[in-house]
Structures are given as structure tokens and as C-alpha cells.
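Be aware that the sequence shown starts at 1432, since it is given in the numbering used here, and climbs by one per residue.
Quick reminder that beta carbons are idealized off the backbone N, C-alpha and C, glycines included.
Working notes, beginning with the structure itself.
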Amino acid sequence: MCALWSKNDDDEKRKKQIILDLLQDIRDQRAKLKLEFDEGVTSIKDLTGTLLEYDEGGLVVEVSSLKGATRAFDGVLLSCYFRVRDRETRGREQYLTFDTSVRSVTMRPSGMVHFSLAFPQNLKSAQLRRSVRVKVDARKVPELTLWPDFSGWQDMDKLTPVLSAEQMQSRQFKVDNFSANGLRLLVSSALMHTALPEPVKGTRYAVHFRAMAETGAGSSAFWVAAVLRNIFRDPQTSETALGFEFVAEGSMDEKLGMVWRPLKFDEVSGLGKFVFKWNLDLYREKGMGS
């Protein structure tokens, strides 16, 4: 029994040391932490922080994008995503995530907001979550419109979409799969003939879609810039598969109109948790998980 307890204790120490080493890499490399909360905690989609201090008792993260401290975050669970250079392999980067909770939020005399976080209890690869492609249907993505690329203010009534939400509703095209950094559409031959008779790889489009974590729940809206990467015509199904890579995310500014900004951590803010949930649902539907 003593030997068993000793082995478990050693395992815990090794796990804690691995996390401490990663925290040191984050601080030394000044890697950004992407903070992701559950739905309903905050309306801000793009919260990032800088690790200032850490020890076995917890972490202190500076969140410059917040203008004030609030107790609404106290006790809330969150996931932290980050990218660091590998210590041993030159040129290799690791994409990782850990879960933690907010102990307190304070406003420093400098005007900066600091999050006190609990010490992480786990460490996982974020690569799988970001790159995994999940089959979806109208229950997951009830609406999608593909527009010609645009920015600034546009008269949307005069800007004709390449593929419209109405055409999706009438099943002239459908969303086949999604990841946090791309999607694939299946378009009927008839619609391809009129909407995209000569698709060109590398063409950039603006995409607006709504995503639902589960049936009956509220939906979240996304604007993304997507580049057409793959085109495959299937004569057996009379459909064309179009593969897109997300390269930017957009938001409407009161003065500037549509503004695009590069992706952080190579994924659309807030979309990863939908893909993760859809993937879990898929396994449960197949009876492969509890």
C-alpha cells in the first residue's frame, strides 16, 4: 500500500512539474493566453491575457482588453489556450490548453486588470480540437450565407450573395462539415452552374453563419473571411464539394462598417467550443461515449 501511494504521489509531482515548466515557457516567451469562457459568462469573444506570475498556488494573468474589474468572473471556469516553442525541437511549436477557474479580478494602480487563477489541474493538446472536422446538419448550423468578399459599409440589399440562406433552406446546398478553422459545403450541380460556374481556388469570400450548440438552444452569429482551397465534383451525387479555410473574423463597427482582423491561435474566436460539443454529440449518438 505504501508503495502504491508513493507511486501516485510521484505521478502527481511529475504532472505538476510539467505544468510548471509550460508556465515558465509561457512567461519567458511572452506567449498570449486566449481565455475562453462558457456561453453566457461574457459577451466579449476575444479575451487574451499575459502571464505575469505563477507558482503552485496559482497564476496571475494581466487582461489588457478589459477596462474594469468585476466580480462577475469570480469562481467561473475557463479554458486557456496558448502556443509555445518546443524546448527540444527547433522550429516546432506546441498548441496546448488547460482548464482553471477565476479566484478574483482586481484593478491595479496602473489601470490594468489582473485575473488570479487557480493552478491548472490538466494539460491537453489544443491541436486536435482545432483541426478536427465534424459532420453537421441544419440542427447545428441552421443558416449560412456566402458573400463576395467585402469590407467597410455595404448596402446589403444590393450586394447579391453567392450562396444564400434561402438556397440552403431549399436544400440547393448544405453544410457538410466544420472545424474551428474551416468548412466544407456540398452544392448541387444546378446551383453551381448559376452561382459558381468557374470557381477559382484562392478566391476569398465573406461568410455569415449561425451555430447552435444543441437543438433548442440559442444560436451564435459569426462573420468569417474564407478562402476557397479545394474543389471536387462528384458525378455520382451531382454535387460539388467546396472546401474553405478561415483566414479572418469580422465584426461591424459603427463608423467603419465591416472590419476584418486576423485569426488568433489560427481559429475563429468562440467557434472551437461548438466544434468540440458537436464532436462529443457525434460520439454519443454512435454510442461511443457516455
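Got a sec? Which residues, its chain only, sit under 8 angstroms from residue i by beta carbon, not counting five neighbours each side?
i, result
"VAL1699", "ALA1611, ASN1612, PHE1653, VAL1655, PHE1677, GLU1680"
"ASP1505", "VAL1533, ARG1534, SER1535, VAL1536"
"PRO1693", "VAL1678, ALA1679"
"ASN1608", "ARG1564, VAL1565, LYS1566, VAL1567, LEU1614, ARG1615"
"THR1501", "VAL1536"
Can you check which of these residues, the options, is closest to residue i by C-alpha distance?
i, options, result
"VAL1567", "THR1537, VAL1606, ARG1534", "VAL1606"
"ARG1664", "LEU1711, ARG1615, LYS1463", "ARG1615"
"LEU1527", "PRO1592, ASP1517, LYS1498", "ASP1517"
"THR1537", "VAL1593, ALA1503, THR1625, ALA1672", "ALA1503"
"SER1510", "ALA1549, SER1651, ASP1486", "ALA1549"
"SER1595", "GLN1448, LEU1627, PHE1468", "LEU1627"
"LYS1686", "TRP1584, GLU1629, LYS1589, SER1669", "TRP1584"
"PRO1666", "ASP1586, SER1651, LEU1617", "LEU1617"
"ALA1462", "GLY1649, GLU1597, THR1481", "THR1481"
"ARG1539", "GLY1499, ASP1530, GLU1524, ARG1570", "GLY1499"
"PHE1468", "PHE1529, GLU1629, ASP1697, GLN1460", "PHE1529"
Using 8 angstroms for Cβ pairs, my map puts residue i next to residue j. What's the rounded Cβ distance?
i, j, result
"ILE1457", "VAL1533", "With 8 angstroms as the limit, ILE1457 and VAL1533 do not qualify as a contact, their Cβ atoms being about 18 angstroms apart."
"MET1689", "PHE1581", "6 angstroms"
"THR1671", "SER1620", "7 angstroms"
"LYS1632", "ILE1662", "7 angstroms"
"VAL1572", "ASN1710", "Not confirmed; about 14 angstroms, so no contact."
Spatial neighbours of residue i within its chain, please: CB distance less than 6 angstroms, with the 5 preceding and 5 following residues excluded, ordered by chain position.
i, result
"LEU1508", "SER1532"
"TYR1485", "LEU1454"
"GLN1603", "SER1619, LEU1622"
"MET1719", "Its pLDDT being 40, under 50, MET1719 is placed unreliably in this model, and the coordinates cannot settle the point."
Name the DSSP beta bridge partners of residue i, please?
i, result
"ARG1514", "TYR1526"
"GLY1506", "Answer is none; GLY1506 lacks a bridge partner."
"TRP1578", "ALA1637"
"SER1610", "GLY1613"
Output needed for residue i: all residues of its chain with C-beta closer than 7 angstroms, excluding positions within five of it in sequence on either side, in chain order.
i, result
"PHE1705", "ALA1642, ALA1644"
"LEU1478", "LEU1466, VAL1494, SER1496"
"GLY1489", "ARG1534, SER1547, LEU1548, ALA1549, PHE1550"
Against chain B, does residue i count as a neighbour if the rule is that its beta carbon must be under 8 angstroms from one of theirs?
i, result
"ALA1656", "This model lacks chain B altogether; it includes just one protein chain."
- Do the segment 1449 to 1460 and the segment 1540 to 1559 touch if we need at least three Cβ pairs shorter than 8 angstroms? With contact defined as three or more Cβ pairs closer than 8 angstroms, the segment 1449 to 1460 and the segment 1540 to 1559 are in contact.
Original post:
Taking contact to mean at least 3 C-beta pairs separated by less than 8 angstroms, is the segment 1631 to 1646 in contact with the segment 1566 to 1582?
Top reply: At 8 angstroms Cβ cutoff, the stretches touch.
Closer than 8 angstroms is the cut-off here; do at least three beta carbon pairs connect the segment 1493 to 1512 with the segment 1533 to 1548? Flag = yes, the segment 1493 to 1512 and the segment 1533 to 1548 touch.
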